[in-house]
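Visitor: Following this message is one structure expressed as structure tokens.
Protein chains: 2
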Amino acid sequence: MGTGTLRQENAALLVLAAISLALITILSVWKLKRFKYRLVNETGGAMFYGILLGVAVKYLRFDGASSMENHVCTCPGLNSTPHLVMVNISSEAHCYRHVGKMNPKSSLDSTSHMETFDLDVLFNVFLPPIIFYGAYTLDQRRFIANLGSVLTFAFFGTLISCFCIGVCIYGVTRLMVLLGQAADGDYSFVDCLLFGAITSATDPVSILGLLSDLRVDLDLHTLLFGESVLNDAVAIVLTRAITTYDGARPAFDPSAFLYSIGSFLGILLGSFCMGFIFTVITALLTKLTRLRESPLLETSVVLLLSWSSFLSAKASGLSGIVAVLFCGLSQARYTVLNLSAEGRSRTKQLFEVFSFLGEIFIYSCMGYILLTFPHHVFKALFISGAFLSIFISRACHIYPLSLLLNLGRTKKISCSFQHFMAFAGLRGAVAFSLAVRDTTTEAKQTILTTTLLLAGFTIWVLGAAADPLLHSLDIRMGEDSEEDSKDFSSEVAMRGPDTARGLWHNLDHKYLKPMLTHCGPPLTELFPRWCGAFARIFSPSQIQEDEEEFCEIEPHTPPLNLDKTEHPPTPDDDHSGSEHQDDLLEGDLGLGTGPVNTTEPSVDFV
Amino acid sequence: MGTGTLRQENAALLVLAAISLALITILSVWKLKRFKYRLVNETGGAMFYGILLGVAVKYLRFDGASSMENHVCTCPGLNSTPHLVMVNISSEAHCYRHVGKMNPKSSLDSTSHMETFDLDVLFNVFLPPIIFYGAYTLDQRRFIANLGSVLTFAFFGTLISCFCIGVCIYGVTRLMVLLGQAADGDYSFVDCLLFGAITSATDPVSILGLLSDLRVDLDLHTLLFGESVLNDAVAIVLTRAITTYDGARPAFDPSAFLYSIGSFLGILLGSFCMGFIFTVITALLTKLTRLRESPLLETSVVLLLSWSSFLSAKASGLSGIVAVLFCGLSQARYTVLNLSAEGRSRTKQLFEVFSFLGEIFIYSCMGYILLTFPHHVFKALFISGAFLSIFISRACHIYPLSLLLNLGRTKKISCSFQHFMAFAGLRGAVAFSLAVRDTTTEAKQTILTTTLLLAGFTIWVLGAAADPLLHSLDIRMGEDSEEDSKDFSSEVAMRGPDTARGLWHNLDHKYLKPMLTHCGPPLTELFPRWCGAFARIFSPSQIQEDEEEFCEIEPHTPPLNLDKTEHPPTPDDDHSGSEHQDDLLEGDLGLGTGPVNTTEPSVDFV
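Below, the structure is given as structure tokens:
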């Protein structure tokens, strides 16, 4: 009991320290923002205070004396006196993963027991809601209007960026070998590619913080935020594929290469399906039952099922974060339409709090680890190469891809947009979570150190420079999203109903929406006759009778409202036709051809 | 990496199982409730499904083969290769506490690795929000009007109940020794008192579920719910004090007895202060800053600081649950007045979701452990004695204390109320958490088994019998709380402003409210001159100017609204004088003399 209580008290103290840090961050950043000092947001503040805590722990070295006593270790799941005990004092950790524990040559210093910021908790409890909330609050209509562009940037952009950074860094490491700063085998090309994949994940959290504080053009907002959300998925899966390839191989191994490509596609698709399956379950549950009568139950069900998508993906060896990302995207498209107005605002507010707190905890942990991780490897050349390469890689994918995309887009991505997109590649939580996962070799320790420095630099320096840059690029700011969304729908309404209906539109409008929600044409019309029974199950008559009136109200509160934090959705907006126009937009395969300049050419675009 | 991933996948599967259980519970109980079948609520349902899962695990014995492989054990905090490794295969567990692990003689059966429902997580993450939410949603005005009665029932009632059950059970164990069913030293008197303290904790969760489904008389509601919330605190601290006394002593030890009385009072007062300190911090933060502008920040700050009260109490060796209970009570009295309407509804909804899910997880865990705990000790005599004694003890404290209280109360506690209160002693989460804390001896295993059975019996049988009993006792049901609260205030308004102002009223109205909120008389008037600077700090002029208009609106939304789940507080209720009348009521030292029958005698009371 005694040691257990002592451990519990220590754990309580640790969590208290984290909470105090979070409170200080919240209050000071909020105070700064009130003075219209927009250069710092929560992520930067949290990281700063994490560093301060790190300094305190590192240099004050408090309670170093008691750090020896609490190394009591139990085996969860062991229920009896075993016949044979094998003690394996190897370098691998299983129950908990702690930064810096991997290296057996380290000395037991005073920081060791403060390092129990349990990263598993951080990444399994706090990261999923952040990613989910990011995906859930994407402006659905604009996202789908720009789907093609966003997907291009996220998929091909990340691949280009990863390869580009990999090549640059490989060049730098060769230079390091030439200059005698590293041995020949220290950094393999695969290590460099791994670094490329890790630092290709731009961070939705800090970008969202930046964009919502600055209120930029909504299309730019969608492109940037959508890209940063989706490229996390690609970067995560890419990192896993590169790890699968195994960096120890000296020569190129075609079979391992093909296998890792297969694993890349398999995990990406598998996680996507996992996320979507849980959305289907949630949507059907909320559609076919009268759960809508109790907002508390709706919220609980959405929360539990969305979290299940993460856990199921983890349990089946897929990527949990990618699954929860796609789950968030599809929940916002389908399930939301089945929820009551109160259930909708409650769900959003719940995830908002989770995401907000998770963000603060993760970023302060980043700052803390930047200072206290005992195996930092600072290689000046590697770091400067990395700083250079993230800009090069960003330029290498934004400009050429924009050029290509502009061939297909009616509303072009202007040059100033491209400049800003190339600039706004902030790195954050996902890159950190990927880099910290494995710190066994010196190359990987260099990667962690450099990633943390990159994150700090991009969040503080680029984040602070964004405001002046937007001014100098003359991108319209401070615009009202409601007003704009009305413009948007009226622009599209002019285009007539039957232009460019694509595959996605067919699937979404004709099958998914009617099946998963009460909107769209009745299922019995859509399905061939022999599917009649199937169609009837998904549109039960006794519910549908009084649902219809509900469905008619629904389009008045477009999912766009999800984006606004302070006000719950108001059903009195005048968007009577928005649902219909929404579907029209989707017909363009998302290349951004929606809000055309044919009706009124916008002066804002160069 | 491999074993780590495997462990993570197993953990994910386990959490998935818990989530599925929760979903099934939510959906089926909700479905039953929709058919007006009010006999089952979430707690009973969750326990039932927990038992089903237990049956499945116990009798299907699935994946028993793999249970051996994952017993990998790491020592968190150990950062280097130690010089000396001492492996202590004792019966005590430190990092994690698992039910059934304490007994070294058990065989490694297939259920062992499913038993990693981590009880620490359950009691440190899910229990505090339940208790907090219970205290937070107490009807403040009625609670304070009945404060004296509630405190009497909670404090003296629990002491009487503990002693009464202890004596009854001691008699039973003597009988068991006589009949040869137990050895002489198996059950000491202290063990019996411990059982008394554990089973004296009536459960706010299931009582709240019961009362809100049945909509009973509001005074009865307040008495029952208030008692069940507060007696948890007394029972928890009493259990600790009895544990401190140490049951191994054969003879009565006066110094240990005095020490445990001291520890009882010390922990109770200490935890109370800890909870109150964090309320003061929260209230001052929300009063002195303009946090009200962002409901997200308000909610986060209230959440973090309330959780801090739990953690700080734990870290300083006090009772976290008691601290969070008092924190919830005082947050609802002071901090709530400083929050914006949206912040208020958000905070409540957040805790509601936490509490709802926590409740389901804890009760299904209870059901699961009832079936799978490998060291159950079923003693028929002990169990029947326990069933008898909880009724006797309940009768022994409700009737005499009501008699005493009725001497001082203007609005008497009627006989039918007394009968229902004696009947409605449901046992649940807190009793379970106390019983499961220590299962090292056979006596304590008997206590756990019996407590689980008691909880199951009271929740299912008494819960289901409550509806018919209320009918037969003719206690008014289905009444509208708003209407009633208006009656209530108008009744009191007749009584003139200066009767029976007590100590509490003075403290609360004259000092705490003005200091912690924007309501009540200005501080500068209240404090003597030499405190002028102090008073000015707590009523900063630049804020107070436009706060005044806010404070005038506040009394229109009385904290009573907290009790209503579905609707956010509406500021258009016509309670213009309620704040004032509220304070009048508090002057009666809470003996329930408030709503006097002088104006219109109520026919409902015998």
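So the protein sequences, as listed, match chains A and B.
Its first residue numbered 1, the first sequence is counted upward by one per residue in our numbering.
Its first residue numbered 1001, the second sequence is counted upward by one per residue in our numbering.
Where is the CB? At the ideal position from N, CA and C, for every residue including glycine.
#1: Leaving out the 5 sequence neighbours to the left and right, which residues in its chain are closer than 6 Å to B/K1379 when beta-carbon positions are compared?
#2: May I have the straight-line CA-CA distance separating B/L1370 from B/V1055, to the nearest angstrom?
#3: Work out the CA separation of A/F457 and A/T282 for me, nearest whole Å.
#4: Please state the DSSP three-state secondary structure of A/T446.
#5: Span of the alpha helix (DSSP H) holding A/W460?
#6: Would you identify the three-state DSSP class for B/R1290, choosing helix, strand or coil?
#7: Would you mind sorting A/F252 into buried or exposed? The rule is 16 or more other CB atoms within 10 Å of its CB.
#8: What separation, rounded to the nearest whole angstrom, lies between the Cα atoms of A/L16 and A/M176?
#9: Kindly list the residues whose CB is nearer than 8 Å to the CB of A/I261, restricted to its own chain and excluding five residues on each side of it in sequence; keep chain order.
#10: Can you pull the DSSP bridge partners for A/T299?
#11: Quick one: grab the DSSP three-state call for B/T1440.
#12: Hey, how far is the Cα of B/A1233 from the Cα of B/G1157?
#13: Would you say A/R344 faces chain B, with C-beta separation under 7 Å as the test?
#14: Determine whether the Cβ of B/E1009 lies closer than 7 Å to any Cβ atom of chain A.
#15: Between B/K1314 and A/A12, which are expected to be in contact by the criterion C-beta below 8 Å, what is the C-beta distance as a whole number of angstroms?
#16: In the DSSP assignment, the alpha helix (DSSP H) including A/I144 goes from what residue to what residue?
#17: Please report the straight-line C-alpha distance between B/N1124 and A/K412, rounded to a whole angstrom.
#18: Does DSSP classify B/T1410 as helix, strand or coil?
#19: If you run the structure through DSSP and keep just helix, strand and coil, what is A/S91?
#20: Residues of chain B with CB under 8 Å from A/R290, in chain order?
#21: Starting from A/R240, follow the alpha helix (DSSP H) in both directions and report where the run begins and ends.
#22: For B/T1517, which three-state DSSP category applies?
#23: Please state whether the Cβ-Cβ distance between A/T609 and A/L434 is less than 7 Å.
#24: Over what stretch of residues does the alpha helix (DSSP H) that includes B/V1322 continue unbroken?
#25: Check whether the Cβ of B/S1308 lies closer than 7 Å to any Cβ atom in chain A.
#26: Determine, for A/L297, whether the minimum Cβ-Cβ distance to residues of chain B falls below 7 Å.
#27: I want to verify the contact list: residues of chain B whose CB lies under 7 Å from the CB of A/A12, in sequence order.
#28: So what does A/T202 bridge to, in DSSP terms?
#29: With a cut-off of 7 Å, does the C-beta of A/T350 fall near any C-beta of chain B?
#30: Would you check if there are 3 or more beta carbon pairs closer than 8 Å linking the region 1017 to 1034 of chain B to the region 280 to 296 of chain A?
#31: Could you tell me whether the region 143 to 154 of chain A touches the region 402 to 420 of chain A, using the rule of 3 or more Cβ pairs below 8 Å?
#32: Using C-beta distances below 8 Å, list every residue in its chain close to B/D1480, excluding the 5 sequence neighbours before and after it, in chain order.
#33: Can you give me the C-alpha to C-alpha distance between B/G1226 and B/F1387, rounded to a whole angstrom?
#34: Using a threshold of 7 Å, state whether the C-beta atoms of B/T1347 and B/V1302 are closer than that.
#35: Give the range of the alpha helix (DSSP H) segment to which B/K1355 is assigned.
#36: My output table needs one value for B/T1137: the three-state DSSP class, helix, strand or coil.
Guide: Looking at the atomic coordinates:
#1: Residue numbering aside, residue 1379 of chain B sits at position 379 when the second sequence is read from its first letter. Contacts found: T1446.
#2: For the purposes of this step, residue 1370 of chain B is identified with residue 370 of the second sequence, where counting begins at 1. For the purposes of this step, residue 1055 of chain B is identified with residue 55 of the second sequence, where counting begins at 1. So the two alpha carbons sit approximately 10 Å from each other.
#3: The residue you call residue 282 of chain A lines up with position 282 of the first sequence. The residue you call residue 457 of chain A lines up with position 457 of the first sequence. Looking at the two C-alpha atoms, the distance is approximately 40 Å.
#4: The residue you call residue 446 of chain A lines up with position 446 of the first sequence. It is helical.
#5: Within the first sequence, the letter at position 460 stands for residue 460 of chain A. Neither: A/W460 is in no alpha helix (DSSP H) and is coded neither H nor E.
#6: Sequence index remark: in the second sequence, residue 1290 of chain B carries index 290 (1-based). The three-state reading of DSSP puts B/R1290 in coil, since its state is none of H, G, I, E or B.
#7: As a working note, residue 252 of chain A is residue 252 in the first sequence. So A/F252 ends up on the exposed side.
#8: Numbered from its first residue, the first sequence carries residue 16 of chain A at position 16. Numbered from its first residue, the first sequence carries residue 176 of chain A at position 176. Distance from the CA atom of A/L16 to the CA atom of A/M176, rounded to whole angstroms, is 44 Å.
#9: For this step, residue 261 of chain A is matched to residue 261 along the first sequence. For A/I261, where only same-chain residues beyond five positions count, the Cβ hits under 8 Å are A241.
#10: Stepping through the first sequence from its first residue, residue 299 of chain A is reached at position 299. Partner(s): none; A/T299 has no beta bridge.
#11: Residue 1440 of chain B sits at position 440 when you count from the first residue of the second sequence. In the structure shown, B/T1440 sits in coil (DSSP, three-state: anything other than H, G, I, E or B).
#12: On the second sequence, residue 1233 of chain B is found 233 positions in, with the first residue counted as 1. On the second sequence, residue 1157 of chain B is found 157 positions in, with the first residue counted as 1. In a straight line, the C-alpha of B/A1233 is about 12 Å away from that of B/G1157.
#13: In the first sequence, the residue the question calls residue 344 of chain A occupies position 344. So, not an interface residue.
#14: Locating residue 1009 of chain B in the second sequence gives position 9, where the first residue counts as 1. Yes, because at least one Cβ of chain A sits closer than 7 Å to the Cβ of B/E1009.
#15: In the second sequence, counting from the first residue as 1, residue 1314 of chain B sits at position 314. In the first sequence, counting from the first residue as 1, residue 12 of chain A sits at position 12. Correct: roughly 4 Å between the Cβ atoms.
#16: Within the first sequence, the letter at position 144 stands for residue 144 of chain A. That run of the alpha helix (DSSP H) goes Q140 to A145.
#17: Against the second sequence, residue 1124 of chain B aligns to sequence position 124. Against the first sequence, residue 412 of chain A aligns to sequence position 412. Looking at the two C-alpha atoms, the distance is approximately 54 Å.
#18: Looking up residue 1410 of chain B in the second sequence gives position 410. Coil at B/T1410, not helix or strand.
#19: In the first sequence, residue 91 of chain A corresponds to position 91, counting from 1. With a pLDDT of only 35 at A/S91, under 50, the local geometry of the prediction cannot be trusted, and no value is derived from it.
#20: Within the first sequence, the letter at position 290 stands for residue 290 of chain A. The answer, in chain order, is R1034.
#21: Residue mapping note: residue 240 of chain A aligns to position 240 of the first sequence, counting from 1. Bounds of the alpha helix (DSSP H) holding A/R240 are L218 to Y245.
#22: Reading the second sequence from its first residue, position 517 is the one you call residue 1517 of chain B. Coil at B/T1517, not helix or strand.
#23: Coverage of chain A is limited to positions 1 through 606, which leaves residue 609 of chain A absent and any answer about it impossible.
#24: Reading the second sequence from its first residue, position 322 is the one you call residue 1322 of chain B. Looking at the DSSP string, the run of the alpha helix (DSSP H) that includes B/V1322 is G1320 to S1330.
#25: Residue mapping note: residue 1308 of chain B aligns to position 308 of the second sequence, counting from 1. Among the CB atoms of chain A, one or more fall inside 7 Å of the CB of B/S1308.
#26: Stepping through the first sequence from its first residue, residue 297 of chain A is reached at position 297. Closer than 7 Å to some Cβ of chain B, the Cβ of A/L297 qualifies, so yes.
#27: Taking the first residue of the first sequence as position 1, residue 12 of chain A is located at position 12. Ordered by position in chain B, the residues that pass the 7 Å Cβ test against A/A12 are L1311, K1314 and A1315.
#28: The residue given as residue 202 of chain A occupies position 202 in the first sequence. DSSP lists A/R427 as the beta-bridge partner residues of A/T202.
#29: Residue mapping note: residue 350 of chain A aligns to position 350 of the first sequence, counting from 1. In the sequence as displayed, the identity of residue 350 of chain A is Leu instead of Thr. For A/L350, the answer is yes, since a Cβ of chain B falls inside 7 Å of its Cβ.
#30: The answer is yes - the region 280 to 296 of chain A touches the region 1017 to 1034 of chain B, with three or more Cβ pairs under 8 Å.
#31: Contact between the region 143 to 154 of chain A and the region 402 to 420 of chain A is present, because at least three Cβ pairs lie under 8 Å.
#32: On the second sequence, residue 1480 of chain B is found 480 positions in, with the first residue counted as 1. Here the model assigns B/D1480 a pLDDT of 49, short of 50, so the residue's position is not dependable, and the following value carries that caveat. Same-chain partners within the cutoff: there are none.
#33: Working through the second sequence from its first residue, we reach residue 1226 of chain B at position 226. Working through the second sequence from its first residue, we reach residue 1387 of chain B at position 387. Whole-angstrom Cα-Cα distance: 24 Å.
#34: Numbered from its first residue, the second sequence carries residue 1347 of chain B at position 347. Numbered from its first residue, the second sequence carries residue 1302 of chain B at position 302. A contact, by the Cβ cut-off of 7 Å.
#35: In the second sequence, counting from the first residue as 1, residue 1355 of chain B sits at position 355. Residue 1355 of chain B is actually Ser in this sequence, not Lys. In the DSSP annotation of this structure, the continuous segment of the alpha helix (DSSP H) that includes B/S1355 starts and ends at A1341 to T1372.
#36: Residue numbering aside, residue 1137 of chain B sits at position 137 when the second sequence is read from its first letter. Three-state result, B/T1137: coil.
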